[in-house]
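Student:
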Amino acid sequence: HSPRGPKFQGAQGRQDPWRWEGEARMLYRAEAVVLKGKEFGEKDRIVTLYSRQHGKIRAIAKGVKKPQSSLGPATEPFSYGTFLLATGKNLDVVTQARIKEPFPPLREDMERMAYASLLVELVDLASPEGEPNPELFDLLVGSLFRMKRLKPRIVALEFLAKFLDLLGWGPSLERCAKCEAEVSAEGLKFSPGTGGVLCATCKAEDAFPLSGEAWAIMKTLRRADPSLLPRLRITRAGLEGAERAYFSLLARHAEIVPKSLEVIRRLREEVRRG
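Under the numbering used here, the letters of the sequence shown match residues 578 to 851, in that order.
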């Protein structure tokens with residue numbers, strides 16, 4: 578397992594080898610979000626981090642179950658902070674962590690937790706280990722901060738719009754995805770297989786109607802300054818139409834459907850039943 582990127586500098590300004598189980602290891606820092614964690618044995622936790630500098634990292638945090646462990650809270654899902662890690666053969670080792678933001682509202686509210694889980698799950702599924710994408714990192718961190726105080730459903734949709742664009746999966750919205758003619762709101766359809774909106778003339782087997790409002794929401798969220806989100810006026814019908822389009826596109830490209838989508842669907846059904 579080769580060391581990733583710039584190493585943690587010791588007091589003499591040199592790379593610090595750190596011995597663990599008879600093996601020399603290199604320390605490195607990572608500004609990261611915890612995507613997920615899995616308990617390992619009685620005291621440890623295996624975590625997946627998404628970092629600005631090194632992309633996705635899998636690591637083990639030892640002794641997190643001990644009451645005095647400072648690594649316990651830092652390795653909870655959604656936690657954002659600075660991590661000091663040691664390289665390992667199969668898994669790197671979290672040696673220290675400083676929390677910048679633990680995002681308690683995302684764990685205390687079921688709806689916020691479901692949508693935040695969708696964000697981190699999408700980043701996990703889309704990201705190979707060791708391939709940094711600073712734009713995606715900034716989008717994830719910014720979206721988690723916005724989700725603390727804004728409507729999580731709208732924040733998640735804005736994330737999805739920009740996430741798909743970053744991966745090169747974004748839909749064609751200004752022109753027909755089939756004939757490339759300019760489109761208008763009248764008779765508009767959306768085809769995930771074709772890759773975007775269809776004009777009133779073109780057809781596709783998987784196409785479904787897309788309202789003018791849903792179309793406008795999709796165009797707005799794609800380029801919206803996040804600071805403007807609280808001012809957007811979005812109806813439930815428009816939001817549901819835009820969600821259907823984006824989720825259908827995600828299903829077309831993703832090899833694995835995020836588990837959190839099913840949790841979100843169940844939550845909505847419970848709300849409808851009252």
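Positions of the beta carbon are idealized from the N, C-alpha and C atoms, including for glycine.
Applying the criterion that 16 or more other CB atoms from any shown protein chain within 10 Å of the CB defines a buried residue, is ASP783 buried or exposed?
Tutor: So ASP783 ends up on the exposed side.
Student: For GLU698, tell me which candidate among VAL611, ARG850, ASN710, LEU775 has the shortest Cα-Cα distance.
Tutor: Selected option, being the one with the closest Cα: VAL611.
Student: For the pair the stretch 689–709 and the stretch 631–648, tell me if three or more CB-CB distances fall below 8 Å.
Tutor: Because the criterion of three Cβ pairs below 8 Å is met, the stretch 689–709 and the stretch 631–648 touch.
Student: Going along the chain, which unbroken runs of the alpha helix (DSSP H) with 4 or more residues stay wholly within the stretch 695–723?
Tutor: As far as the stretch 695–723 is concerned, it has no whole alpha helix (DSSP H) run of at least 4 residues.
Student: In whole angstroms, what separates the C-alpha of ARG675 from that of ASP686?
Tutor: Roughly 24 Å separates the two Cα atoms.
Student: Alpha carbon to alpha carbon, what distance is there between GLU759 and THR778?
Tutor: Each residue's alpha carbon lies about 12 Å from the other.
Student: Between VAL641 and TYR692, how many whole angstroms is the CB-CB distance? I'm expecting something under 8 Å.
Tutor: The Cβ separation is near 26 Å, so there is no contact.
Student: How long is the line joining the alpha carbons of PHE655 and LYS613, rounded to whole angstroms?
Tutor: Distance between the alpha carbons of PHE655 and LYS613: 8 Å.
Student: Does at least one heavy atom of the ligand GTP sit under 7 Å from the Cβ of ILE731?
Tutor: The ligand content of the structure shown is nil, which means the ligand GTP is not present either.
Student: Sorted by chain position, which residues of the same chain lie with C-beta nearer than 6 Å to GLU706's C-beta, five sequence neighbours on each side aside?
Tutor: Closer than 6 Å at the Cβ level, and outside the excluded window around GLU706, lie LYS633.
Student: Can you tell me which of the three DSSP states THR797 falls into?
Tutor: Helix, per DSSP.
Student: Using only CA atoms, which one of LEU721, GLU712, ARG726, LEU668 lies nearest to GLU678?
Tutor: Of the candidates LEU721, GLU712, ARG726, LEU668, the one whose C-alpha sits nearest the C-alpha of GLU678 is LEU721.
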